[in-house]
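S.K.: Position in the sequence shown counted from 1, then plus 38, gives you this note's numbering.
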Amino acid sequence: GEATDTAAQHLDRVPGVRGSCSLGAFRREGAAWIAESVCRDSRSTASSRAVASGDFITAYRIDTQVRYEPPLGGVRAEDRDSVSARRLGDCAVGQRPGDMLIPGMGTLNMTDGHFRPEPAARAARAPGAAATRP
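Here's what the structure looks like:
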């Protein structure tokens with residue numbers, strides 16, 4: 039089969055220049071984690087900054103700000119968003135306190151900054167099994 043979930047398909051998630059975006063390193067600033075990026079195309083520049091704060095064991099919050107230059111449609115100069123999370127119970131097998139699951143990418147531990155990529159997708163059916171139509 040064709041490799042469709044390899045490291046090469048995830049280059050856009052690595053700090054540095056990728057395509058039209060420049061991604062900063064995910065870094066600690068005081069008690070918070072910071073992620074920044076700048077994306078440019080022929081018409082505009084979008085600069086984003088995300089600030090993650092909290093103890094990352096029982097709760098955290100991520101505030102994101104995106105600025106557009108020139109403003110989108112001549113009107114929208116900025117977007118802001120936030121997400122909050124809190125502990126609901128014990129971790130699932132293989133998880134640690136502070137783990138944040140990122141669908142399609144892997145797990146980022148918010149306490150130590152360690153990222154564990156998702157394993158490659160396994161075959162959807164057993165070897166030798168015939169495909170069927172509903």
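No residue lacks a Cβ here, since even glycine has one placed at the ideal position from N, Cα and C.
For residue 59, collect the residues of the same chain with a Cβ closer than 6 Å to its Cβ; drop the 5 residues on either side in sequence, then sort them by chain order.
M.R.: Position 21 of the sequence shown, counting from 1, holds the residue named residue 59. Counting only Cβ-Cβ distances below 6 Å, and skipping sequence neighbours, we find 75, 77.
S.K.: Does DSSP classify residue 133 as helix, strand or coil?
M.R.: The residue labelled residue 133 in the question sits at position 95 within the sequence shown. Three-state result, residue 133: coil.
S.K.: Please classify residue 140 as buried or exposed, where buried requires at least 16 other C-beta atoms within 10 Å of its C-beta.
M.R.: The count along the sequence shown starts at 1 and reaches residue 140 at position 102. Under this definition residue 140 is an exposed residue.
S.K.: Give the DSSP-derived three-state secondary structure of residue 77 in the structure shown.
M.R.: Here residue 77 is taken as the residue at index 39 of the sequence shown, counted from 1. Residue 77 falls in the strand class under three-state DSSP.
S.K.: What residue range is occupied by the uninterrupted beta strand (DSSP E) comprising residue 68?
M.R.: Working through the sequence shown from its first residue, we reach residue 68 at position 30. Here residue 68 belongs to no beta strand (DSSP E), and DSSP marks it neither H nor E.
S.K.: To the nearest angstrom, how far is the alpha carbon of residue 134 from that of residue 101?
M.R.: Walking along the sequence shown from the start, residue 134 turns up at place 96. Walking along the sequence shown from the start, residue 101 turns up at place 63. The straight-line gap from Cα to Cα measures roughly 23 Å.
S.K.: Since residue 113 and residue 86 are thought to touch, with beta carbons under 8 Å apart, how far apart are those beta carbons, to the nearest angstrom?
M.R.: As a working note, residue 113 is residue 75 in the sequence shown. As a working note, residue 86 is residue 48 in the sequence shown. Not quite, the Cβ-Cβ distance comes to about 19 Å (not below 8 Å), so this is no contact.
S.K.: By the 10 Å Cβ neighbour count, where 16 or more other Cβ atoms means buried, how is residue 50 classified, buried or exposed?
M.R.: The residue given as residue 50 occupies position 12 in the sequence shown. Because the pLDDT of residue 50 is 47, which lies under 50, any placement of that residue in the model is unreliable, and the number read from its coordinates should be weighed accordingly. Exposed is the call here.
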